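Structure first, commentary second.
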Amino acid sequence: MTDKVIRLFKLSFKGDSLRVGGEREGSTVYQLKYTVKGRDIPVIPNSSWKGVFKRISEGIAKGKGIGTASSHNNDDHPKEKRNNEEANKRVQSILEHVNSELDKGILEHVKSEMNKGNKIKGTQLKGIDIDDEVWTIVRSNVSADYVTWKDLEEITAKAVYYYMCPVDRLYGSKLFASSISFSDSLVEGNTSFQPHVVLDRTFGAQKEKRLFEEEVVEPSNITLRVVLRPEGDVQLWRYTLRYVEKMGIAVGGSKSRGLGHLTLDVEESKVGEVDGVNVKWDGLKGFLRGK
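In structure tokens:
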């Protein structure tokens, strides 16, 4: 589900303590920090936010059977999992249109070569116009070097499955960029060092001489800014935020020790719709309820 609106989100989170990334020196693990105006401030990088939100979105999309999400696996759609009837029909339709275009005029020799299993220059396919957004993706990703009809079939299948997958539409694929962007989040709060022991997983006992400590931050409030562009799946993003509203979200390391669990403060969070150079802000509740 897409629309033509650019949406901005200011999401407010609260939590007890967390640690994200950072260097390790000896037995001490430090919190990742950015230097801002001479101060070292703990930070949650945009890559961490994107990773945790993507995992949630993927689980939801697969559970609801949205588009081609069921075949989404390690940021790809393997051949053996491409069993979506609607997607396969779309692949076939595009290839049939390509075949039809190749029958015309100066492109006849191109089809002849491809039918023989010979390779052609990918640039020779650039002049074919098909009324399908996926073909634009295919054309921009066909190698300028030599390709065969089999190569074209494979890249078309991938493009269709990526395009019809709400996870790929939101977070990006190997053929096109993401439609959602996350900011880094500077985390203001007190930092401290927590000592830990390393447990032997076999015996469930403490390993001798295996002590370490990690630097954690106790945030007062965390703000995440998100940009959702029109080509993204708005409904999946709405489902994702609803999940986070109910279940919270886990960011950073040592989650098994209780670190990094954040709750979404819906009352303090906002969503804005971009109208030219202006932004109309509203509370997040309306968006979550589908308004």
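With the working numbering applied, the sequence shown corresponds to residues 1010 to 1300, in that order.
Beta carbons: idealized from backbone N, C-alpha and C, even for Gly.
Given the structure is predicted, the values throughout are model-derived calculations rather than measurements.
Other residues of its chain near residue i: CB distance less than 6 Å, five sequence neighbours each side excluded
| i | result |
| --- | --- |
| C1174 | G1076, T1077, A1078, H1081 |
| W1290 | K1279, G1281 |
| G1072 | none |
| R1251 | L1297 |
| P1054 | D1193 |
| D1025 | none |
| K1063 | Y1180 |
| V1253 | L1273 |
| N1093 | T1077 |
| D1284 | none |
| G1198 | V1226, E1227, P1228, S1229 |
| S1187 | Y1180, G1181 |
| L1161 | none |
Beta-carbon proximity of residue i to residue j, cut-off 8 Å
| i | j | result |
| --- | --- | --- |
| P1051 | V1196 | yes |
| R1016 | V1275 | no |
| I1258 | L1237 | no |
| I1189 | V1235 | yes |
| V1029 | V1260 | yes |
| L1027 | P1239 | no |
| V1151 | V1169 | no |
| Q1040 | V1286 | no |
| K1059 | N1230 | no |
| E1222 | F1191 | no |
| F1185 | I1137 | no |
Own chain, CB closer than 8 Å to residue i, minus 5 neighbours either side, in chain order
| i | result |
| --- | --- |
| S1066 | P1175, V1176, L1179, Y1180, L1245, W1246, Y1248, T1249 |
| D1141 | R1099, S1102, I1103, H1106 |
| K1043 | Looking at the sequence shown, residue 1043 is not Lys but Tyr. The residues are D1049, I1050, V1052, D1193, L1195. |
| G1183 | Note that residue 1183 corresponds to Lys in the displayed sequence, not to Gly. Answer for K1183: D1084, D1085, K1167, Y1171, listed in chain order. |
| S1278 | F1018, K1019, L1020, S1021, G1292, L1293 |
| V1045 | L1195 |
| I1139 | I1103, H1106, V1107, E1110 |
| S1057 | V1029, G1030, V1260, G1261 |
| E1200 | First, the residue type needs correcting, since residue 1200 is Thr and not Glu in the sequence shown. Cβ neighbours of T1200 beyond the five flanking positions: Q1040, P1051, E1224, V1225, V1226, E1227. |
| V1288 | L1017, G1281, E1282 |
Where the alpha helix (DSSP H) through residue i begins and ends
| i | result |
| --- | --- |
| W1039 | For the record, residue 1039 in the displayed sequence is Tyr; it is not Trp. Note, Y1039: premise wrong, no alpha helix (DSSP H); not H, not E. |
| H1270 | Not the alpha helix (DSSP H): H1270 falls in the beta strand (DSSP E), residues 1270 to 1273. |
| R1016 | Taken as a continuous stretch (DSSP letters only), R1016 belongs to no alpha helix (DSSP H), being part of the beta strand (DSSP E) at 1016 to 1024. |
Extent of the continuous beta strand (DSSP E) to which residue i belongs
| i | result |
| --- | --- |
| G1257 | It is not in any beta strand (DSSP E) - G1257 carries neither H nor E in the DSSP assignment. |
| R1048 | 1048 to 1053 |
Own chain, CB closer than 7 Å to residue i, minus 5 neighbours either side, in chain order
| i | result |
| --- | --- |
| K1090 | S1080, N1082 |
| F1296 | R1247, V1280 |
| R1148 | L1134, K1135 |
| A1096 | T1077, V1169, Y1170, M1173 |
| K1218 | Reliability of the predicted coordinates at K1218 is poor, the pLDDT of 49 falling under 50, and the value obtained from them is presented with this limitation in mind. Result list for K1218: empty, nothing under 7 Å. |
| L1233 | L1020, F1022, W1058, F1191, S1192, S1194 |
| G1241 | T1011, R1178, L1179, S1188, I1189 |
**Request:** Would you list, in sequence order, the uninterrupted beta strand (DSSP E) runs of no fewer than 3 residues that lie entirely inside the segment 1133 to 1197?
**Result:** 1189 to 1191
**Inside the segment 1272 to 1300 only - alpha helix (DSSP H) runs reaching at least 4 residues** = 1293 to 1297
**Request:** For the segment 1052 to 1110, list the alpha helix (DSSP H) runs that are entirely contained and at least 4 residues long, ordered along the chain.
**Result:** 1055 to 1073
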